[in-house]
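Residue numbers (my numbering): 1 to 254.
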Ligand code: 48H
């Protein structure tokens, strides 16, 4: 019995990992924007895997604001809440409040149900770079990084990579730092996030959701981090709409 339980887990995990060695889209970060992007791509029949360094995907959405576990979403993103079957309550005529645990778990559930393979506890440490194009991810166990163990990584090949790493826009920074290239931003570099300005930030999150280098797209907070725009606090419509937009951009390209 003990052996069956262990063997079952090992066999099915390694089958899943092996089947994901080459995917259409590899997403870094399991925050709301990455999860929404993953869902819409998978729903479109596209092969998607998502890598999250923490034990639980969901990023910054679980905690609402200051651990008050409620978030705000504006009218423009209500169709995405409806798509995920998420319940919301009107607060004004255009802003809605939502239980953040309910919302986050729904994003994870529907992404996996649509066929997204989520790999948690895995950190992206680099990309694969061929012929001036990003074409995969270099992955390792998150605890390996945390313990500073000198252990070599494995590689996932992908037709498109999404940086959904939030405020730090880690993938974009790594690509820029290591490859002597210009990104598709005003300065050609990662411009860094600005202070809070809610309406402006919500608008630019969507505008800045784009391909910033061949094969590399940004979504969510990373979009504003890369393009030097503002933060917005615990309103999440921009994150959801950004995930929807990046999925649309990639689906049109594949
Ligand atoms: C694997 C990684 C790596 C890596 C990071 O921060 P997130 O929730 O991302 P978004 O952009 O979908 O949502 C942002 C939102 O949560 C937020 O912070 C807002 C709205 N802030 C406004 C404000 O003013 O503060 O999730 C990113 C995820 C996290 O779970 C990270 O652990 C993960 O990416 N991650 N995973 N490898 N190298 N880097």
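In this text, a Cβ means the ideal position worked out from N, Cα and C, and glycines have one as well.
Range covered by the alpha helix (DSSP H) that runs through residue i
i: residue 25; result: Looking at the DSSP string, residue 25 is not in any alpha helix (DSSP H); the run it does join, the beta strand (DSSP E), is 22-28.
i: residue 84; result: Looking at the DSSP string, residue 84 is not in any alpha helix (DSSP H), and its letter there is neither H nor E.
i: residue 11; result: 2-19
i: residue 154; result: No alpha helix (DSSP H) holds residue 154; the beta strand (DSSP E) holding it covers 154-163.
Residue range of the beta strand (DSSP E) that includes residue i
i: residue 130; result: 122-130
i: residue 213; result: 211-213
i: residue 185; result: No beta strand (DSSP E) holds residue 185; DSSP gives it neither H nor E.
i: residue 192; result: Where residue 192 is concerned, there is no enclosing beta strand (DSSP E), given that its DSSP letter is neither H nor E.
i: residue 139; result: 133-141
i: residue 97; result: 95-99
With 16 other Cβ atoms within 10 Å as the buried cut-off, status of residue i
i: residue 245; result: buried
i: residue 11; result: exposed
i: residue 13; result: exposed
i: residue 91; result: exposed
i: residue 6; result: exposed
i: residue 208; result: buried
i: residue 45; result: exposed
Nearest to residue i (by Cα), restricted to the options the options
i: residue 166; options: 127, 46, 57, 47; result: 57
i: residue 26; options: 157, 180, 194; result: 157
i: residue 134; options: 4, 181, 223; result: 181
i: residue 214; options: 121, 175, 54, 109; result: 175
i: residue 65; options: 100, 3, 94; result: 100
i: residue 206; options: 191, 187, 186, 227; result: 227
i: residue 128; options: 44, 55, 9, 161; result: 161
i: residue 224; options: 93, 239, 216; result: 239
i: residue 139; options: 209, 17, 8; result: 17
i: residue 111; options: 219, 48, 23, 144; result: 48
i: residue 40; options: 108, 61, 102; result: 108
i: residue 199; options: 106, 23, 72; result: 72
i: residue 130; options: 216, 36, 7; result: 216
i: residue 136; options: 80, 234, 243, 22; result: 22
i: residue 54; options: 85, 234, 31; result: 31
i: residue 210; options: 146, 168, 253, 234; result: 253
i: residue 234; options: 9, 102, 28, 60; result: 60
Assumed close pair residue i, residue j - CB separation to whole angstroms, cut-off 8 Å
i: residue 231; j: residue 195; result: 7 Å
i: residue 153; j: residue 125; result: 6 Å
**Item:** Whole runs of the beta strand (DSSP E) within the stretch 196-234, excluding any shorter than 3 residues
**Value:** The qualifying runs are 211-213, 216-218.
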